[in-house]
Structures are given as C-alpha cells and as structure tokens.
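Visitor: Numbering (this note's numbering), first residue to last: 185 to 423.
Virtual Cβ for every residue (Gly too), placed ideally from N, Cα, C.
Note that the structure is predicted; figures quoted are calculated from it, not measured.
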Amino acid sequence: MTANIEIRNVSKQFGAMTVLDDLSLSIRAREFIVFLGPSGCGKSTLLRMIAGLETVDGGEIAINGERIDHLPPGKRGIAMVFQSYALYPHMTVRDNMAFGLDNIGVARDVIDARIAEAARILEMPQLLDRKPGQLSGGQRQRVAIGRAIVKEPKAFLFDEPLSNLDAALRTRTRIELAQLHQRLQSTMIFVTHDQVEAMTLADRIVVMNNRRIEQIGSPMEIYERPATKFVAGFVGAPA
Ligand code: ADP
Ligand code: MG
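Structure below.
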C-alpha cells in the first residue's frame, strides 16, 4: 500500500505567528522524502498537519486524490513515529502494537499475524512480552516503528526518530529504515535537522527555512546546485 500526498497552498498560524506560509508540495507514491531544516522552521508542524494532529488553517491536503484535511488522524491511512516513541508504559510491547488496531475493529487473529510479521521484520520477537521500561532506547524505537507497521499504512511519518539514539545506533537504525522502505514500498516522510541523515536516506529532500520551502530535489541536486544561499550554507560543502 502506498500514497501520493498533495499539499496545496497550506498555511499555519499559531496565534499571531505564521509558521507555514502558502506551502505547496507533491509527494510521490513510494517516495522516501525528507523534510530538512533548522530547528523551529515548521517541519514538525507540517508533518503533524499531514497526520491530522494540527488543523490546516489555509489550503488543503489530499492523499491519493482525496482530500483528508478534515478527517480525524485514524481515518487517514497513515502512521506516525514520534521522537519520544510515545509508548504506553503499563502495556506490553505486544499490547502497545495491538492498541490502535483493537480500536478500529481489526480481528484478533489478524492483529496477531501482523504483530508476528512486524516483530520478524524488526528482529524483535523476543521483546513482545516485555514492557517499555524493560527496553533500551533502541528497542523502544523499534517498537514504535513496529506499532506503525502493523497499521499497514499507506504512508509512514517519522519525526526525528533517530535523535534520541547514540551515534552507532543511529547509523544502524538509518540503514534499517532504508531496508524497511525497500521492503514495504510505502511512502515515507522523514523529518530531520541533520544533513547527513537527509542525504543518505532521501529520494528527494525538501529544504525548509523561515516558513517556506527553499528547494526540493534529490540529494545530489541539492548538494551540487543549491537554489538559494540558505541551501548552499545549510547543505553545501563544509566551511
Ligand atoms: P521544527 O519541527 O522545524 O523544529 P516546529 O514545527 O516544531 O518546528 O515549530 C515551528 C514554530 O512553531 C516554532 O516557532 C514553534 O515554537 C512554533 N510552535 C510549534 N507548535 C506550537 C504550538 N502548539 N503553539 C505555539 N507555537 C508552536
Ligand atoms: Mg520538530
């Protein structure tokens, strides 16, 4: 399952502050797209608007041709993985993964099969009966990804999922995410302020700054032909 996502003339205000200003972007089916920009430029807000966790103040968002900006998060067919993992501490890994599916009436045997498959993909069947407090940071991150996989979403949204991991684990998880994308062939949107993560993961990078998109292109295009001074400074060759 996969999705193309159209973002048309989207704006967002928090009080008097405009956070996103008339922003448009077409995300292709099966694409691994990275939103890259400095802290505070609106990456998370844009991702949360796609997920349905923030309202859209102007413009519209469509998935596979259908407007979704008025649908609740659970009806959009997408799954989000948070930087903080957002696991329920009192539930086992298995129950954490089952939680969102129970709610929408997926049959128990289907849930069990999906959990077994996700645990196999993420190489963590031995963790299913533990609770989050008994897991390392890296293991919690896998559970958070597993919880997204079992929803069989059309698109995965990742908000800085590697930033709480140490350097070695960050590299390993980055490779695993690339493999997961190969395997699932889902659309993936990945938010980061880290240029190296963006360059190594992305089919295309959306460079954001100051409420706007500065440039959209492949890592090579962005690196070799930066469209603005900001992009050149942010992504370009080290000083
Ligand atoms: P990024 O993810 O790129 O670091 P964010 O999307 O989190 O940026 O934030 C963009 C801007 O919007 C920042 O100035 C931030 O302080 C502000 N902001 C984000 N969420 C809220 C909110 N719920 N209420 C008020 N301001 C917010
Ligand atoms: Mg953010």
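1. Going by DSSP, what residue range makes up the beta strand (DSSP E) through L209?
2. By how many angstroms is the C-alpha of N348 removed from the C-alpha of A235?
3. Decide if the stretch 225 to 239 is in contact with the stretch 388 to 408; the criterion is three or more beta carbon pairs, one per stretch, under 8 Å apart.
4. Compare the Cα-Cα distances from K338 to each of I262, L306, S402 and report the closest residue.
5. How many whole angstroms separate the CB atoms of V218 and L385, which I take to be in contact at a CB cut-off of 8 Å?
6. Grab the span of the beta strand (DSSP E) containing M372 for me, first residue to last.
7. Among F216, T376, T202, which has the Cα closest to the Cα of D387?
8. Considering only DSSP beta bridges, list what E244 is partnered with.
9. For V207 versus I189, is the C-beta spacing smaller than 8 Å?
10. My guess is that A187 and N248 are in contact by the Cβ rule of under 8 Å, so how many angstroms apart are they, rounded?
11. Check whether the Cβ atoms of D343 and V375 lie closer than 8 Å to each other.
12. Starting from A339, follow its DSSP beta bridges and name the residues at the other end.
13. By alpha-carbon positions, which one of V290, L231, E398, A382 ends up nearest to M404?
14. Would you kindly work out how many angstroms separate the C-alpha atoms of T202 and R292, rounded to a whole number?
15. Measure the C-alpha to C-alpha separation of G330 and L306 and round it to an integer number of angstroms.
16. When you measure from the CB of V180 to every non-hydrogen atom of the ligand MG, does any distance come out below 7 Å?
17. With a 10 Å radius around its C-beta and 16 neighbouring C-beta atoms as the bar for buried, classify A423 as buried or exposed.
18. Can you tell me which of G417, M372, Y269 puts its alpha carbon nearest to the alpha carbon of P316?
19. Considering only their Cβ atoms, is the gap separating D313 from R354 smaller than 8 Å?
20. Name the DSSP bridge partner or partners of G321?
21. Which residues does DSSP pair with V380 in a beta bridge?
22. Would you mind working out which of G221, T371, R356, A213 sits nearest I400, comparing C-alpha positions?
Guide: The relevant details are as follows:
1. From DSSP, the beta strand (DSSP E) with L209 extends over 201 to 211.
2. Looking at the two C-alpha atoms, the distance is approximately 22 Å.
3. Here the stretch 225 to 239 lies against the stretch 388 to 408, with 3 or more beta-carbon pairs under 8 Å apart.
4. It is I262 whose Cα lies nearest to the Cα of K338.
5. L385 and V218 do touch by the CB rule: their CB atoms are close to 6 Å apart, below 8 Å.
6. Looking at the DSSP string, the run of the beta strand (DSSP E) that includes M372 is 371 to 376.
7. Comparing Cα-Cα distances from D387 to each of F216, T376, T202, the minimum goes to F216.
8. Residue pairing by DSSP places E244 opposite R192 in a beta bridge.
9. The residue you asked about is not Val; residue 207 is Leu in the sequence shown. Taking C-beta atoms as the reference points, L207 and I189 fail to come closer than 8 Å.
10. Sure, about 5 Å apart at Cβ, within 8 Å.
11. Taking 8 Å as the Cβ cut-off, D343 and V375 qualify as a contacting pair.
12. Paired residues: I262, T371.
13. Ranking V290, L231, E398, A382 by CA distance to the CA of M404 puts A382 first.
14. Rounded to whole angstroms, T202 to R292 spans 45 Å at the Cα level.
15. Cα-Cα distance, rounded: 7 Å.
16. The structure shown does not extend to residue 180, since the chain is modelled only from 185 through 423, so no value can be given for it.
17. Note that A423 scores 47 on pLDDT, short of 50, meaning its location in the model is unreliable and no value can be drawn from it.
18. Ranked by Cα distance from P316, the first of G417, M372, Y269 is Y269.
19. Going by C-beta atoms, R354 is not nearer than 8 Å to D313.
20. Its beta-bridge partners do not exist; DSSP assigns none.
21. Paired residue(s): none; V380 is not in a bridge.
22. It is G221 whose Cα lies nearest to the Cα of I400.
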